[in-house]
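Residue numbers (the working numbering), protein chains in the order written: chain D, 1 to 384; chain W, 1001 to 1087. Positions of the beta carbon are idealized from the N, C-alpha and C atoms, including for glycine.
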Amino acid sequence: MRRLLTDSQASRHEEFKSFVKLNVEPFAEQWDREQEIPRSVISSLAQRGYLGCSLPADYGGQGSDAVTFGLLNEALGRGSSALTGVLTVQSMVSMALLKWGTAEQKRSWLPPLATGKMIGAFGLTEPGAGSDLQSLTTEFTRTSGGESLLLNGHKKWISCAQFADLFLVFGRLERRPAACLVPRNAPGLGVEPICDLMGFRAAGLAQLHFEDVEVPSENLIGKPGFALSHVAPVGLQYGRISTAWSALGLLRGCFEESIAYAAARRIGGGTVGDLGMIRSLIARMGTDLEAGSLLCHNACRAEDDHLPEAFERTLTAKYFTSKAAVRAASDAVQIRGAAGCHGSSPVSRYYRDAKIMEIIEGTTQVHEDILGKMFVARAGGPGK
Amino acid sequence: MSPEQASGIKDTVRAFILGSIAIAKLDDDDDLFGSGIVNSLFAVQLMTFIEKAFGIEVGMDDLDMENFKSLNATAAFVLRKNGHSAA
């Protein structure tokens, strides 16, 4: 990966990896077991400016390019997918607000998000609306004076909602898709933790229940009618970049754990790594790691160059790395045998977390549907 | 706006759409959103292309279907953003 990076990006990657080695890897198992990330850990991300990595310095962010943002997610993904989830949703909320917020909204909300004084969550999925976002039923209605909105409905599977301070909530206003910022302390907002997930167990998922929650109309982000076509996609683009790189970090974890085990574990007169069938698994893992790295860089270079291709390249990267992470985690457990099935080995957690990455920010099947359609369209329409 | 400027913008945007969406032709007044040519997945890609190709930034105040409903509307929007008044 080193040869793809500028000196500055390579230096930041080393910084990120050192942070993860010291502050994340030794504790990730405990967070997973206890299904909770200590607030002090999130504060340490904030203190280093990582939660505002992509936001401009004018708003208190680091103004990093997309590649550097990706490298941060890769390093965190090696240590804890759940912790990376905090950065994922913080960026989804922040970048949607940066693109579509008014000057006043950006002045009010972006600095606390950039510095981590405020943790955001992306309130999109509903019990009856996951991949099919057109089915959203959460509803905003205008109060008689028009100065505020009343919010009613339910959201589900919302990452970081257990501890978030601010929610970007999607619903309908006068039947048009709308997005609105809702503070956690708004009366009528209930947060119901979702526990015992298969993976991402410490990511603080929750259901949100809105019962006549009153929010100022000035909290609307973008204009009604554009929430699903313009506001959500900007957040989801950063969500997919984050998840693609996080899966790449998990894949690197599987690879590093596997080659170390294969080289050290004695069997018969040699090591596990002497066995052809183990080498096959490791060869695929290493090749997927290289290919995933190239796809992630390709996506972020397009994002940094503000190219429309960034959408397709990011979908491709997320699709590939999340699937490759599942394969690699399965093989990493297989290489270790019984030891890989126990919580004392990180690969058992990788195995559970990897599957979640095939689901969040668009399932593998949604990616296949979109990408397949885009690729076929290149052949042109009737008579073309 | 001059007809040449508007025509150049329309041709550029038309080429991008025809290269991305499986349709055979696209006329200047075809309804991009109402006809389904541009769906919610393609809207941000099209916006990003327009921003990049013509050196403008689409902001919250520009979120109006009238600005993007057709090639003619898009050309007029781009020229307005670049400081040209409507003819």
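Boundaries of the beta strand (DSSP E) in which D:K156 is found, first to last residue: 148-158
If you measure from the beta carbon of D:G101 to each beta carbon in chain W, is any gap under 8 Å? yes
Using a beta-carbon distance below 8 Å, is W:F1077 in contact with chain D? no
Identify the residues that DSSP records as bridge partners of D:H209: which are they? Answer by DSSP bridge pairing, in chain order: D:H154, D:G190.
Using 8 Å as the limit for Cβ to Cβ distance, is W:A1087 near chain D? With a pLDDT of 44 at W:A1087, under the threshold of 50, the modelled position of this residue cannot be trusted; read the value that follows with caution. So, not an interface residue.
Applying the criterion that 16 or more other CB atoms from any shown protein chain within 10 Å of the CB defines a buried residue, is D:R33 buried or exposed? Burial call: exposed.
Got a sec? Which residues, its chain only, sit under 8 Å from W:K1010 by beta carbon, not counting five neighbours each side? Answer for W:K1010: D1028, L1071, N1072, T1074, A1075, listed in chain order.
Residue nearest to D:E290 in terms of C-alpha spacing, selected from D:Q207, D:A328, D:G120: When only C-alpha atoms are compared, the closest one is D:A328.
Hey, could you find the ends of the alpha helix (DSSP H) D:V86 is sitting in? 81-100
Endpoints, beta strand (DSSP E) assigned at D:F167: 166-173
Chain-ordered chain D contacts of W:F1049 [CB-CB under 7 Å]: P308
Secondary structure at D:P112, three-state DSSP: helix, strand or coil? Three-state DSSP puts D:P112 in a helix.
Under 7 Å Cβ to Cβ from D:L248, same chain only, skipping five residues before and after it: list those, please. E74, G77, G292, S293, C296, T321
Which residues, in chain order, does the segment 226-246 of chain D contribute to contact with chain W at a C-beta distance below 8 Å? F226, L228, S229, H230, P233, V234, Q237
Considering only the beta carbon of each residue, do D:T287 and D:K323 sit closer than 8 Å? no
Among W:Q1005, W:F1077, W:A1043, which residue has its Cα nearest to the Cα of D:H230? W:A1043
Coarse secondary structure for D:A179, derived from DSSP in three states: strand
Chain W contact for D:F311 (CB, 8 Å cutoff): yes
Rounding to the nearest angstrom, what Cα-Cα distance links D:F375 and W:S1020 in this structure? 9 Å
Determine, using beta carbons only, whether D:A66 comes closer than 8 Å to chain W. no
8 Å CB neighbourhood of D:D212 in its chain, flanking five on each side removed: L150, L151, N152, G188
Leaving aside the five residues before and after D:T68 along the sequence, list all residues of the same chain whose C-beta is less than 6 Å from its C-beta, in chain order. If you ignore the 5 residues before and after D:T68, its C-beta comes within less than 6 Å of the C-beta of Q9, R12, all in its own chain and listed in chain order.
Can you give me the Cβ contacts of W:L1041 inside the same chain, cut-off strictly under 8 Å, excluding the 5 residues immediately before and after it? none
Can you tell me the Cα-Cα spacing of W:A1087 and W:N1039, whole angstroms? Since pLDDT at W:A1087 reaches only 44, below the 50 mark, its modelled position is unreliable, and no value is offered.
Coil, strand or helix - D:G270 by DSSP: strand
Can you name, in chain order, every residue of its own chain whose Cβ lies under 8 Å from the Cβ of D:Q387, other than the five neighbours on each side? The requested residue 387 of chain D does not occur in the structure, where chain D is confined to residues 1 to 384.
Using the rule of at least 16 other Cβ atoms within 10 Å of the residue's Cβ for burial, across every protein chain shown, is D:I267 buried or exposed? exposed
Determine, using beta carbons only, whether D:F200 and D:G130 come nearer to each other than 8 Å. Remark: C-beta atoms of D:F200 and D:G130 do not approach each other more closely than 8 Å.
Could you check whether the Cβ of D:I370 sits closer than 8 Å to any Cβ belonging to chain W? yes
Whole angstroms is fine: what's the gap from D:W157's alpha carbon to D:K355's? 15 Å
Report yes if the C-beta distance between D:F140 and D:G235 is below 8 Å; otherwise report no. no
Of all the CB atoms in chain W, is at least one closer than 8 Å to the CB of D:K223? True, the Cβ-Cβ gap to chain W drops below 8 Å.
Any chance the CB of D:Y59 is under 7 Å from a heavy atom of the ligand FMN? The model on display carries no ligand, and the ligand FMN is accordingly not part of it.
Consider the Cβ of D:V376: report whether some Cβ of chain W lies at a distance smaller than 8 Å. yes
Cβ atoms of D:L87 and D:Y59: under 8 Å apart, would you say? The answer is no: Cβ separation not under 8 Å.
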